[in-house]
Structure formats: structure tokens, C-alpha cells
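Novice: Shown below is the structure under consideration.
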Amino acid sequence: MRPLISVVNLSKTYEGGFTALHDISLEIREGEILALLGPNGAGKTTLISIVCGIVNPGGGSVTVDGFDIVADYRQSRERIGLVPQELTTDAFESVWNTVSFTRGLFGKAPDPDYIEQLLKDLSLWDKKDNRIMQLSGGMKRRLMIAKALSHEPRILFLDEPTAGVDVSLRQDMWGLVRRLRESGVTIILTTHYIEEAEEIADRVGVINRGRIVVVEDKVELMRKMGSKQLTLDLHDTLDQVPEALAEYGLELQNDGQQLVYTYDVHRERTGITALLGALSEAGIRFRDLKTDQSSLEDIFVNLVREQE
Amino acid sequence: MNWRGVLAIYRFEMARTFRTLFQSVVSPVISTALYFVVFGSAIGSRIQEVEGVSYGSFIVPGLIMLSLMTQSVSNASFGIYFPKFTGTIYEILSAPISYLEIAFGYVGAAATKSVMVGLIILATAGLFVPLEIAHPWWMLLFLLLTAITFSLFGFIIGIWADNFEKLQIIPLLVVTPLVFLGGSFYSVDMLPPVWQKISLLNPVMYLVSGFRWSFYELSDVTVGVSLLMICVFLGACIFLVWRIFATGYRIKT
Ligand SMILES: Nc1ncnc2c1ncn2[C@@H]1O[C@H](COP(=O)(O)OP(=O)(O)OP(=O)(O)O)[C@@H](O)[C@H]1O
Ligand SMILES: [Mg+2]
Numbered sequence: 136m137r138p139l140i141s142v143v144n145l146s147k148t149y150e151g152g153f154t155a156l157h158d159i160s161l162e163i164r165e166g167e168i169l170a171l172l173g174p175n176g177a178g179k180t181t182l183i184s185i186v187c188g189i190v191n192p193g194g195g196s197v198t199v200d201g202f203d204i205v206a207d208y209r210q211s212r213e214r215i216g217l218v219p220q221e222l223t224t225d226a227f228e229s230v231w232n233t234v235s236f237t238r239g240l241f242g243k244a245p246d247p248d249y250i251e252q253l254l255k256d257l258s259l260w261d262k263k264d265n266r267i268m269q270l271s272g273g274m275k276r277r278l279m280i281a282k283a284l285s286h287e288p289r290i291l292f293l294d295e296p297t298a299g300v301d302v303s304l305r306q307d308m309w310g311l312v313r314r315l316r317e318s319g320v321t322i323i324l325t326t327h328y329i330e331e332a333e334e335i336a337d338r339v340g341v342i343n344r345g346r347i348v349v350v351e352d353k354v355e356l357m358r359k360m361g362s363k364q365l366t367l368d369l370h371d372t373l374d375q376v377p378e379a380l381a382e383y384g385l386e387l388q389n390d391g392q393q394l395v396y397t398y399d400v401h402r403e404r405t406g407i408t409a410l411l412g413a414l415s416e417a418g419i420r421f422r423d424l425k426t427d428q429s430s431l432e433d434i435f436v437n438l439v440r441e442q443e
Numbered sequence: 018m019n020w021r022g023v024l025a026i027y028r029f030e031m032a033r034t035f036r037t038l039f040q041s042v043v044s045p046v047i048s049t050a051l052y053f054v055v056f057g058s059a060i061g062s063r064i065q066e067v068e069g070v071s072y073g074s075f076i077v078p079g080l081i082m083l084s085l086m087t088q089s090v091s092n093a094s095f096g097i098y099f100p101k102f103t104g105t106i107y108e109i110l111s112a113p114i115s116y117l118e119i120a121f122g123y124v125g126a127a128a129t130k131s132v133m134v135g136l137i138i139l140a141t142a143g144l145f146v147p148l149e150i151a152h153p154w155w156m157l158l159f160l161l162l163t164a165i166t167f168s169l170f171g172f173i174i175g176i177w178a179d180n181f182e183k184l185q186i187i188p189l190l191v192v193t194p195l196v197f198l199g200g201s202f203y204s205v206d207m208l209p210p211v212w213q214k215i216s217l218l219n220p221v222m223y224l225v226s227g228f229r230w231s232f233y234e235l236s237d238v239t240v241g242v243s244l245l246m247i248c249v250f251l252g253a254c255i256f257l258v259w260r261i262f263a264t265g266y267r268i269k270t
């Protein structure tokens, strides 16, 4: 299947010579939720801004639904809604007007029914005649989402949607994101919080220092995260894993002083009891044992550190 | 063409005007009244007539031009500078709208507003002095062309400026002096010969002269030259805007 957004060897050097993106390639699939994870200054906003037309691309190319973001900017931008990281709004406009303004800017005919529904979905209907400066921070964020959705885009970019958002609003937001996905909208969001990516994303991309470190299915990452390791300090060193224990996929470490068993905590049977039985049958004694869990966070931190 | 987008920007800017109706409309009316009191009564009582027109009537076209130019520049420059300053420009940059269309929206709104102000001043002036407009269509043509030209100029300033000081400095140091020295309140003939020559270098002089001609058929230069000059300025501004957009100058990083 053709990717909905395809980023090929994209790079960006800002005036002043700072290179924020190095040769990024990334494919975004129709209908998915992709979470972009990365520390401060990784280049997440730069990447999004280029795709949306706010920042000029350096080298490389980006296509949206087959349309080049520079040559066919009208077609590519029509398909995209953006909620930027910063809350930037016109203080004096009314909620209704600002949402209608965005729709007009994107060249769509007025559709009061659609905007009414949108504001209701975002719990902003009773504020429709208020000036933006009369809204709370959380309401402003929802308003930004309403503006981004005002022209019925097929793709929604959310740049750190949960910064400064309380727990219940966050749940509402994820509810909305899921509903949007069900209606066929492709969603790309950035976050610093790994749990968020875990909760909402189909795929996770890790970006650091302007490079994509990994892009993987969340389930795949979850499998890694869900795995635990049982390490046994052996009484006597082993040269190799005995034949009888082959089915456990054991690894020898530390010149044969340690046996490591990796298992899935989500499985009903971890196989530990059976393994311990098999070990004593094989006459392998151990002095000590410990377990470790590798979290997505560990993976993330390792990935990011490896680069430095 | 994304005409809906142009209209959205135009409407947004006009709404801003109407929100600040007092500033936009009342203040030019008050300052016009003040000019009449000061120039018309105090000075006019000594000058009395310029080429057969009472001094009070004589300065009306110049007064309108003064407001038209300063309003056009400040409306358009502020209109585009402010979203840059607050960051809301992200929305315009991410929309499927060309630079030309963006300029249409902002310049169109700024020019509309300053023409409105110009007509209000004309009406206010009518309360103080008898007015006659010999060539109303020419008058409107000059009004429109000047408003558009100076709005484009303001738009350029708004894009160029990266702080409030720069936003103010050109109108203050360039536009206002040129307008004052451009024969708004006197006929260039009244100056010593050297200054008459220097005045010929002032672009605003041609506009004021042509505009005044459309009222009283009095002019410092022939009306054709005035029209030509304004078209030259308009062309120059369009060229500059086109270059700015072609290079993305100061709009996108
Ligand atoms: N306009 C600019 N001019 C120069 N450098 C910039 C500009 N915008 C961003 N940068 C630099 O580019 C790098 C990437 O910034 P970017 O905003 O894309 O990071 P980010 O991943 O979104 O970070 P955060 O998580 O803090 O939002 C940073 O080092 C930043 O300083
Ligand atoms: Mg960012």
C-alpha cells in the first residue's frame, strides 16, 4: 500500500548553520496513529513544520497523498490539520469566528452544521460566542484542535497535545483521537511521555538529534518491553547450554558464569517452574537469581544514549 | 485561486477594524477637525486664498492624502506584522493559499479601511468648508490607487520589521515628512525656486497634486504626470512584494 505521507532523505539546516534534521526518511500509513518520541530539541517540531509548510525544507522531499509539499502545496496542505506546540491564538476573536476563519482559509465553503458538531464534540459549544482570551488553557487547546479539524482534514498533526493538560482532559483527548482514527483520519502526534505513546499509538518513532532512531509497531515494542529476564549465577561455569535445556532459549553470559532466560510476563505460563525443574534434573546448581524488566523507557533511553 | 481564503483574511482584518472602531474612525475625524482649527482658522486667516480657492478648502485634499497614506501604511504593516509577532501566522503558512492571495487579503482590507477613513474625512471637512469636486471619478481613482500603493508599501514594512520599533520607524521618518513636504498644506509655487526643484523629487507631491486637481483643477504638475507617477510607485511595490515572496524573505525559516 502506498504510504499516505512519505518523507525521503529530508534534512534541514536553519539560518545560522544549525542542522536540525539529518537525512530523515519516514513513511506514515493511512489510518494509523504514529507517535513521535524524542527529547527536547530532537527535531520533532521541525519535521512537522516542514510537512505542514511552516518551515522551508532543506534537502530531500516530502509527499502527502502523492502530492509534493512544495510543488503541489495546495493539494498537500488541504489534507492536513495542525495543532502546534505553542498555544497561539488571537485573543479578541470569538470561538465561532476563529474556527470559521480557519475553514475559510483552507478554501472550504462555510458549513455551520459541521462546525456546530465539532464544537459540541470538543465541549466548546457553550463558549462559541466567547472571546478566546476568556477561555482556560485547556479550552484553548481544544479550540486549537477544533481549528485544525475545521476543514475536515484527512491527516491531523498534534504537536505535544498533552503539554499542560490535566488527566481527565487527557483522557477526553485520547477518546477524541481514537474516534477520529475510526473515522479514517491519520494522526501523527509528538510526546515526551512514553506511556502516552504506549496508550494511544499504533506505531512509535523515536527521533533524536535530528535522526530517526527507530520506527516500529507498538506491539513489537511492547513485546520487548513486556519481556523479563531471569539471570542465574551458576555454581559451576558452563561451556555451553546443555542439550536438555535447548527449548528454553537460554543464553550464557560472563564466561559461562550466568544463565539468562528471557520470558514474556504477559503469558499465562512463564515457564520458570519448568525451567527450574529442568535445571535441577540436569544437575545445574546456582547460587543466586535475579529478574530484570526492560521497559520501553529503557529501550528509549538506550537508543538515545547509543547515539551520543 | 483560493478566493475563500482571501475572503477569510479580508474579513478577519475588517473585523479587527470594526472592533477598534473608535481608533479607526473617530480619531481621524478628531485630528481632521484639529487641523481645520489650527491650519484653517489660525493660518488660513492670514493666507486667505490660494489661486482662487479659500485656504481651508485648499488643504482638504492634502489632509485626506495625509490620512490615507499613513493609515494605509500602518494598517497593512500592522496586519501582517501582528500574526508574525504572536505566532498565529502558522495558520496562514500552513493553509493552501499562495503568497499573492495572502497579500490580496491584507492589502485589500488595509486599502478598504483607509479609503473609508478618507471618505469620512472628506465628509467631516464638508462641515467646516464648502467643497466642490470637479472630477469625482478621478478623485476616487486617485484615492484607490494611493490606498492600494501605500497598503502594499505597509505590507512590505510589516514583513521586513522584526520588532515594533522597525514597524514605526519608516512611517515616522519617511512617510510623514514626505507627506508634509509634499504640498499637502501649501502650493509648491509658494516655495522658493530651490525648494520647488527639491519638491519634484518627492513622490508624494505628485499624488497630492493630482488629487487636488480632481477637486479644484489646481495642480503643481499636470495630472497625467501624477497618474504616471502613482502607477510607477504601484509597480515598484508590486515588484518588491513579488521578490519577497519569490525568496521567502523573512516569512519562513
Ligand atoms: N527557527 C529556528 N532557528 C534556528 N534553530 C532552530 C529554529 N527552530 C528550531 N531550531 C533548533 O532546531 C532543533 C530542533 O528543534 P525542534 O523544535 O524541532 O525540537 P523538538 O523535538 O520539537 O523539541 P521539543 O520537544 O522541545 O519541542 C533545536 O536545537 C532548536 O534549537
Ligand atoms: Mg517541539
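Quick note, the sequences are listed as chains A and B, same order.
To convert a position in the first sequence, counted from 1, into the numbering used here, add 135.
To convert a position in the second sequence, counted from 1, into the numbering used here, add 17.
All C-beta atoms, glycine included, are put in the ideal place defined by N, C-alpha and C.
On a predicted model such as this, the values are computed, not experimentally measured, just so you know.
(1) How about ARG36 (chain B): is its C-beta nearer than 8 Å to some C-beta of chain A?
(2) Which chain B residues are close to PHE236 (chain A), counting only those with a beta carbon under 7 Å from its beta carbon?
(3) Do PHE421 (chain A) and ASP374 (chain A) come within 8 Å of each other at the CB atom, strictly closer than that value?
(4) Determine, for ARG209 (chain A), whether the minimum Cβ-Cβ distance to residues of chain B falls below 8 Å.
(5) Between THR105 (chain B) and chain A, is the shortest Cβ-Cβ distance under 8 Å, so that the two count as touching?
(6) Sort A:SER146, A:PRO296 and A:LEU253 by Cα distance to ILE185 (chain A) and report the nearest one.
(7) Ligand 2: which residues have Cβ under 7 Å from any of its heavy atoms, chain order?
(8) Under the DSSP definition of a beta bridge, which residues are partnered with THR321 (chain A)?
(9) Taking the continuous beta strand (DSSP E) assigned at ARG238 (chain A), which residues delimit it?
(10) Using a threshold of 7 Å, is the CB atom of GLY193 (chain A) nearer than that to any non-hydrogen atom of ligand 1?
(11) Of all the CB atoms in chain B, is at least one closer than 8 Å to the CB of ASP203 (chain A)?
(12) Short of 6 Å in beta carbon distance, which residues of its chain neighbour ILE255 (chain B), apart from the five on each side in sequence? Order them along the chain.
(13) Can you pull the chain B neighbours of LYS243 (chain A), defined as C-beta to C-beta under 8 Å?
(14) Give, in chain order, every unbroken run of the alpha helix (DSSP H) that is at least 4 residues long and sits entirely within the segment 239-268 of chain A.
(15) Quick one: does the C-beta of PHE153 (chain A) sit closer than 7 Å to a heavy atom of ligand 1?
(16) Would you mind reading off the limits of the beta strand (DSSP E) that contains ALA110 (chain A)?
(17) Cβ closer than 7 Å: which chain A residues qualify as neighbours of LEU110 (chain B)?
(18) Compute the distance between the beta-carbons of GLY96 (chain B) and GLY175 (chain B), then report whether it is under 8 Å.
(19) Assign ASN343 (chain A) to buried or exposed, taking buried as 16 or more other Cβ atoms, counted over all protein chains shown, within 10 Å of its Cβ.
(20) In whole angstroms, what is the alpha-carbon distance linking THR87 (chain B) and SER94 (chain B)?
(21) At what residues does the beta strand (DSSP E) containing GLY340 (chain A) begin and finish?
(22) Could you check which residue in A:ILE329, A:ARG338 and A:ALA379 has the C-alpha nearest to that of LEU411 (chain A)?
(23) Please work out which residues of its chain come closer than 6 Å, Cβ to Cβ, to GLN388 (chain A), disregarding the five sequence neighbours upstream and downstream, and give them in chain order.
(24) Expressed to the nearest angstrom, what Euclidean distance is found between the alpha-carbon atoms of ILE183 (chain A) and VAL199 (chain A)?
(25) Candidates A:GLN364, A:SER318 and A:LEU293: which alpha carbon is nearest THR405 (chain A)'s?
(26) Going by DSSP in three states, GLU167 (chain A) sits in which element: helix, strand or coil?
(27) With DSSP collapsed to three states, give me the class of GLY69 (chain B).
(28) Can you have a look at MET207 (chain B) and say buried or exposed, based on whether 16 or more other CB atoms are within 10 angstroms of its CB?
(29) Would the beta-carbon of LEU278 (chain A) fall within 8 Å of that of LEU259 (chain A)?
(30) If I follow the unbroken alpha helix (DSSP H) through THR181 (chain A), where does it start and stop?
(31) Is DSSP giving GLU403 (chain A) helix, strand or coil here?
(32) What runs of the alpha helix (DSSP H), each 4 residues or longer, lie entirely inside the segment 144-206 of chain B?
(33) Does any residue of chain A bring its CB to less than 8 Å from the CB of LYS269 (chain B)?
(34) Just confirm the distance between the C-beta atoms of GLU66 (chain B) and THR237 (chain A), as a whole number of angstroms; I'd bet it's less than 8 Å.
(35) Less than 7 Å between the CB of GLY176 (chain A) and some heavy atom of ligand 1, yes or no?
(36) Who are the neighbours of ILE114 (chain B) on chain A, taking C-beta pairs under 7 Å?
Specialist: Answer, in terms of the structure:
(1) Here residue 36 (chain B) refers to the residue found at position 19 of the second sequence. It does; some Cβ of chain A falls within 8 Å.
(2) The residue given as residue 236 (chain A) occupies position 101 in the first sequence. Result: ALA25 and PHE29.
(3) By 1-based counting over the first sequence, the position of residue 374 (chain A) is 239. By 1-based counting over the first sequence, the position of residue 421 (chain A) is 286. No, Cβ-Cβ distance for ASP374 (chain A) and PHE421 (chain A) is not below 8 Å.
(4) Translated into the one-based positions of the first sequence, residue 209 (chain A) becomes position 74. It does; some Cβ of chain B falls within 8 Å.
(5) The sequence position of residue 105 (chain B) within the second sequence is 88, counting from 1. Taking Cβ atoms only, chain A reaches closer than 8 Å to THR105 (chain B), which makes this a yes.
(6) Here residue 185 (chain A) refers to the residue found at position 50 of the first sequence. That would be A:SER146, whose Cα lies nearest to the Cα of ILE185 (chain A).
(7) Per the Cβ criterion, the list is A:LYS179, A:THR180, A:GLN220, A:ASP294, A:GLU295 and A:THR325.
(8) The sequence position of residue 321 (chain A) within the first sequence is 186, counting from 1. Answer is A:ILE290, bridged to THR321 (chain A).
(9) Mapped onto the first sequence, residue 238 (chain A) falls at position 103. Where ARG238 (chain A) is concerned, there is no enclosing beta strand (DSSP E), although the alpha helix (DSSP H) it sits in stretches over 230-240.
(10) Residue 193 (chain A) sits at position 58 when you count from the first residue of the first sequence. No, the Cβ of GLY193 (chain A) stays beyond 7 Å of every heavy atom of ligand 1.
(11) Along the first sequence, read from residue 1 onward, the residue named residue 203 (chain A) stands at position 68. No, because no Cβ of chain B sits closer than 8 Å to the Cβ of ASP203 (chain A).
(12) Within the second sequence, residue 255 (chain B) is the residue found at index 238, counting from 1. Closer than 6 Å at the Cβ level, and outside the excluded window around ILE255 (chain B), lies no residue.
(13) Against the first sequence, residue 243 (chain A) aligns to sequence position 108. When 8 Å is used as the limit between beta carbons, LYS243 (chain A) is near these residues of chain B: ARG21, in chain order.
(14) 247-256
(15) Numbered from its first residue, the first sequence carries residue 153 (chain A) at position 18. It does: the Cβ of PHE153 (chain A) is within 7 Å (strictly closer) of some heavy atom of ligand 1.
(16) In this structure chain A extends from 136 to 443, so residue 110 (chain A) is not present and cannot be described.
(17) Translated into the one-based positions of the second sequence, residue 110 (chain B) becomes position 93. The answer, in chain order, is GLY188 and ILE189.
(18) Taking the first residue of the second sequence as position 1, residue 96 (chain B) is located at position 79. Taking the first residue of the second sequence as position 1, residue 175 (chain B) is located at position 158. Yes, the pair counts as a contact, with Cβ atoms nearer than the cut-off.
(19) Translated into positions along the first sequence, residue 343 (chain A) becomes position 208. Its Cβ being crowded by 16 or more others within 10 Å, ASN343 (chain A) is buried.
(20) Within the second sequence, numbered from 1, the residue matching residue 87 (chain B) stands at position 70. Within the second sequence, numbered from 1, the residue matching residue 94 (chain B) stands at position 77. Answer to the nearest angstrom: the Cα atoms are 11 Å apart.
(21) Position 205 of the first sequence holds residue 340 (chain A). Start and end: 338-343.
(22) Position 276 of the first sequence holds residue 411 (chain A). Taking only the C-alpha atoms, the option nearest LEU411 (chain A) is A:ALA379.
(23) Numbered from 1 along the first sequence, position 253 holds the residue referred to as residue 388 (chain A). The beta carbon of GLN388 (chain A) sits closer than 6 Å to those of VAL395, all from its chain and outside the five residues before and after it, given in chain order.
(24) Along the first sequence, read from residue 1 onward, the residue named residue 183 (chain A) stands at position 48. Along the first sequence, read from residue 1 onward, the residue named residue 199 (chain A) stands at position 64. The alpha-carbon atoms of ILE183 (chain A) and VAL199 (chain A) are separated by roughly 12 Å.
(25) On the first sequence, position 270 is the one that residue 405 (chain A) refers to. Among A:GLN364, A:SER318 and A:LEU293, the Cα nearest to that of THR405 (chain A) belongs to A:GLN364.
(26) Within the first sequence, residue 167 (chain A) is the residue found at index 32, counting from 1. Three-state result, GLU167 (chain A): coil.
(27) The residue given as residue 69 (chain B) occupies position 52 in the second sequence. If DSSP states are grouped into helix, strand and coil, GLY69 (chain B) belongs with coil.
(28) In the second sequence, residue 207 (chain B) corresponds to position 190, counting from 1. So MET207 (chain B) counts as exposed.
(29) Along the first sequence, one-based indexing puts residue 278 (chain A) at 143. Along the first sequence, one-based indexing puts residue 259 (chain A) at 124. Yes, the Cβ-Cβ distance between LEU278 (chain A) and LEU259 (chain A) is below 8 Å.
(30) Your numbering for residue 181 (chain A) matches position 46 in the first sequence. Element bounds for THR181 (chain A): 179-187.
(31) In the first sequence, residue 403 (chain A) corresponds to position 268, counting from 1. Here GLU403 (chain A) sits in coil by DSSP.
(32) 153-177, 181-187 and 193-197
(33) Counting from 1 along the second sequence, the entry for residue 269 (chain B) is found at position 252. Closer than 8 Å to some Cβ of chain A, the Cβ of LYS269 (chain B) qualifies, so yes.
(34) For the purposes of this step, residue 66 (chain B) is taken as the residue at position 49 of the second sequence. For the purposes of this step, residue 237 (chain A) is taken as the residue at position 102 of the first sequence. That belief does not hold up - the Cβ atoms of GLU66 (chain B) and THR237 (chain A) are roughly 57 Å apart, past 8 Å.
(35) In the first sequence, counting from the first residue as 1, residue 176 (chain A) sits at position 41. Yes, ligand 1 has a heavy atom inside 7 Å of this Cβ.
(36) As a first step, residue 114 (chain B) is located in the second sequence; it is residue number 97 there, counting from the start. The answer, in chain order, is LEU240.
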